[in-house]
Every structure is written in structure tokens, then in C-alpha cells.
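Under the numbering used here, the first residue of the sequence shown carries the number 2, and numbering increases by one thereafter.
Note that CB positions come from ideal geometry on N, CA and C, so glycine has one too.
Structure first, commentary second.
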Amino acid sequence: MKRLKLMIPGPIEVAPEVLRPMSEPLEAHYGAEWTSFYRRVIEAIRKVFKTRGRVFLLVGSGSAGLDAAICSTVGDGGRILVLQNGFFGERIAEIARSYTPHVEVLRFPWGEAVYPERVEEALRRRPTDVVAVVHCETSTGVLNPVEELGRVCSRHGALLVVDAISTLGIEPLEMDRWGIGICVAASQKGLEAPPGLAPVAVSEEAWEFISRRESPGWYLNLKVWHRYEESWGSWHPHPVTHAVNNVKALWKGLERIFAEGLEARFRRHREVAQHLRRGLEGLGLQPAIPEMIASHGVTAVEVPGGQVDRLLQTLREEHGYLLAGSLGEWRGRVFRVGHMGPNATLPVIDALLEAIRWSLKEFR
Ligand SMILES: Cc1ncc(COP(=O)(O)O)c(C=O)c1O
2 MKRLKLMIPG PIEVAPEVLR PMSEPLEAHY GAEWTSFYRR VIEAIRKVFK
52 TRGRVFLLVG SGSAGLDAAI CSTVGDGGRI LVLQNGFFGE RIAEIARSYT
102 PHVEVLRFPW GEAVYPERVE EALRRRPTDV VAVVHCETST GVLNPVEELG
152 RVCSRHGALL VVDAISTLGI EPLEMDRWGI GICVAASQKG LEAPPGLAPV
202 AVSEEAWEFI SRRESPGWYL NLKVWHRYEE SWGSWHPHPV THAVNNVKAL
252 WKGLERIFAE GLEARFRRHR EVAQHLRRGL EGLGLQPAIP EMIASHGVTA
302 VEVPGGQVDR LLQTLREEHG YLLAGSLGEW RGRVFRVGHM GPNATLPVID
352 ALLEAIRWSL KEFR
């Protein structure tokens, strides 16, 4: 496979010190040494989520974490309201429908943020057990107002499930203070590691809620993960063979996050996103959504005249960059740039802008 510079919204380029443990000899996923290392990893993830709740590190991609969050809360036929303003909100509804017939969807247009007032109205009209939302809707780059949604949900006694797969480690997120019940992430974006792990954080209130449910299934049932932590905690604190090398790589990613500091990291991503926007505008390209609701890890860009595929092909073949097209309704109209982790620097963005400038020349 040709080596391309990944500037898609995940997986991202990772640092050499993160890649190194992926080629180290395998170790067992149990025993005192492994268990104490695993606990350190969990503790570090807890700090990134800013929670005192439980953290489970599932072996699987981010969707495994979402599936587990939904299975464990409404998998026994509970009621869920899914807020949708893009592809990944639709995905959550699809997962939910596989577990329960009681799925209500509140739709907002692609490219707009979710409006908390409309969520409040919906909850007043029809109370629900769980509300689910995507923090950054990666298909459009919109950042949804999760902090406000947390307040709305607590006023109405609903548990808030947040898909933070493309925001954890990139955007400010304070799980406990914002009233998030369950928060799901993935290793391959803001956590700066290869794909394959899904951290799921569960607040104390959410855990009480889950404890009362009859969740189905085994692998993605958080009660099973908890049971193993309780009963095998001293030597094997998870039910399955863990992805040992991935966990070691994730630890390196977490070390990088804490060496930089969360606040500095959020600032860097914000500055880079703003710099990219200005640069694109300078090239005559319009970001697809207003800056006020834009995330700082992914930018969606309009390309007039159906030229998206051609532009991406030129960038790939002549400049070695892999950028993403869009999904669903925005397919063919918009491309997306991922600027997360090591790629979120001004020199990286300047080099990309230069490549885009050259590519645009070819078909103007
Ligand atoms: C917001 C969001 N949710 C869910 C997913 C799915 O995650 P995964 O592909 O790791 O299962 C993605 C992946 O890009 C995402 O960006």
C-alpha cells in the first residue's frame, strides 16, 4: 500500500513512540504486572474524561463502545431519544433500533448544531430513559452543545450518552461537571493511538441506572466487564484477552497528552482549526459550517461544481495526502480534513494548504 499522509478524521498519524509498542513481543494479558499497568492506563483515561466514574476499556473500535453504552442502558427495551444532525447520529439510532423498539429521533439539518430548547420540548412532551448525542458530528464537523444538553437531561431525569469518539483529547469535555452519564471514545483520534480500543466512561448515576436494567448479550454488556473487574480484579480485570500491544501504545498516547497538558492541547487544536479556515478561505474555498459551531479536529469544506473526487485524487496521487470525502447527504459536495494530534500544527497545515493550492490550479 502506498504510504499516504493521513489527514482524514481518524485514524490519524501517530508518533513513533506510540507505534513502537505495536511491534514489541507479546505479553500475557493477566498477572500482577499487567494488572497494575492496566490500572494506570484506566486511571489516565479517567483523567482525560474528567470523571470519578468507572472506565471500561473495550477491545473493539469506537462503535463497540457505542453499542455497549446502548445495550447496557436500553438493551432490555428501554426508551431512547437520539439527537441527529449527521451520519454518526444516524448510526447511533441504527444501533439503538437493533436493541429496542422504543427509539425516538429528533432531527436537525446536516451542518447545524442540535438545539437544546428543542430537546427540552421533546423531553417535556415525552419523557425518556436515555438521550444520545454525538459531540463532534464527524460527518459535518459540527460540535454539539453537550454541556447544555447535560443540563437539559438532568432537569428531565434522562441519562445522557455522548459519542465523544472524535473529541476526547481534542475539545474541552468535563464528563462529571457537565452531567454526562456515559461517554464513549476511541483510541485512534484524539488519544493518538492505533484503532482497536474503545474507552467507555460511566458516571456513578449511570452505573446505578445500568445496575437496574436487564441488559442482553455478553461481550458488549458493561455489567459483564464490571463483574470481571470485581471478581478477577487482582489478576485479570477484564473478561477477554486484551489487545496488549494496543493498550501499551495507548499508554504512550496518553503520556503525550499529559506531557502537553489538556488545556494547551485544546488551545493548539483551536488555533490550528482557525488557521486552516483562514487558509482555505484565502484559496477561495468555503468551510461548510459557521465557525461558531465548528469543531477543532475536523473541518468540512465545500467544493463547487462536483469536483471533490478529482481534488482528493490529485491530493492523493500527486501530493501524497489522504483527505476524506463526506458521507450521506454531503457526499460529493464536501471534503473533510482531520487535524488531530501530531498533525494539528501550523507547519503541517501550511504544507497541506500549499498542496491544495497546487491541486486547485490544475482545474481552474
Ligand atoms: C463521531 C463518530 N462516531 C462513531 C464513529 C465510529 O467509530 P469506529 O469506526 O471506531 O467504530 C466515528 C468514526 O469515525 C465517529 O467519528
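Worksheet item: Any heavy atom of ligand 1 closer than 7 Å to the Cβ of S296?
Response: no
Practice prompt. Would you check whether ligand 1 has a heavy atom nearer than 7 Å to the C-beta of I43?
Written response: no
Worksheet entry | Spatially closest choice to Y220 from T346, E318, T242, E149, by CA coordinates | By alpha-carbon distance to Y220, the top candidate from T346, E318, T242, E149 is T242.
Worksheet item: Which residues bound the alpha helix (DSSP H) around E34?
Response: 33-50
Discussion item. Quick check on P348: buried or exposed, where buried means 16 or more other Cβ atoms within 10 Å of its Cβ?
Written reply: exposed
Worksheet item: For the putative contact between G339 and V15, defined by C-beta atoms under 8 Å, what is the C-beta separation to the nearest angstrom?
Response: Taking 8 Å as the upper bound for CB-CB distance, G339 and V15 are not in contact here, some 13 Å apart.
Practice prompt. Measure the beta-carbon distance from L124 to L323 and round it to whole angstroms, keeping in mind my assumption that it falls under 8 Å.
Written response: The beta-carbon distance between L124 and L323, rounded to whole angstroms, is 41 Å. This is too long to meet the 8 Å contact definition.
Worksheet item: Any chance the CB of G63 is under 7 Å from a heavy atom of ligand 1?
Response: yes
Discussion item. Quick check on the DSSP output: the beta strand (DSSP E) that includes F210 runs from which residue to which?
Written reply: Per DSSP, F210 belongs to no beta strand (DSSP E); it is in the alpha helix (DSSP H), 205-212.
Discussion item. I want to know whether the stretch 308-322 touches the stretch 132-145 - three or more CB-CB distances under 8 Å.
Written reply: no
Worksheet entry | Whole-angstrom distance between E330 and W111, CA atom to CA atom | Their Cα atoms are separated by approximately 8 Å.
Discussion item. As an exercise, report each continuous beta strand (DSSP E) stretch of at least 3 residues that is fully enclosed by the stretch 249-321, in chain order.
Written reply: 299-303
Worksheet item: Quick one: Cα of E231 to Cα of E34, how far?
Response: 18 Å
Worksheet item: Under the criterion of a Cβ to heavy atom distance below 7 Å, does A194 qualify as lining ligand 1?
Response: No, ligand 1 has no heavy atom inside 7 Å of this Cβ.
Worksheet entry | Segment contact, 8 Å Cβ cut-off, at least three pairs: the stretch 147-159 with the stretch 33-51 | Output reads no: the stretch 33-51 does not touch the stretch 147-159.
Worksheet item: DSSP state of P217, grouped into three classes?
Response: coil
Worksheet entry | Residue nearest to G216 in terms of C-alpha spacing, selected from A289, L169, A97 | This sequence places Ser at residue 216; Gly is not what is there. S216 has its Cα closest to that of A97, out of A289, L169, A97.
Discussion item. By alpha-carbon positions, which one of A345, A301, A356, E319 ends up nearest to S327?
Written reply: A301
Worksheet entry | Under the three-state DSSP convention, the category L107 falls into | strand
Discussion item. Between the alpha carbons of G63 and R213, how many angstroms are there, rounded?
Written reply: 25 Å
Worksheet item: Using the beta-carbon count (16 or more within 10 Å), is T195 buried or exposed?
Response: For the record, residue 195 in the displayed sequence is Pro; it is not Thr. Per the 10 Å Cβ criterion, buried.
Fill in: P10, DSSP secondary structure in three states
P10: coil per DSSP, three-state reduction.
Discussion item. With a threshold of 7 Å (Cβ to nearest heavy atom), would A1 be considered close to ligand 1?
Written reply: Lying outside 2 to 365, the shown extent of the chain, residue 1 is not represented and no answer is given.
Worksheet item: Going by the beta-carbon positions, is the gap between V201 and L82 smaller than 8 Å?
Response: no
Worksheet item: Counting Cβ pairs closer than 8 Å, one from the stretch 106-120 and one from the stretch 84-91, do we hit at least three?
Response: yes
Worksheet item: Is L5 helix, strand or coil by DSSP?
Response: Looking at L5 - three-state DSSP - the assignment turns out to be coil, as it is neither helix nor strand.
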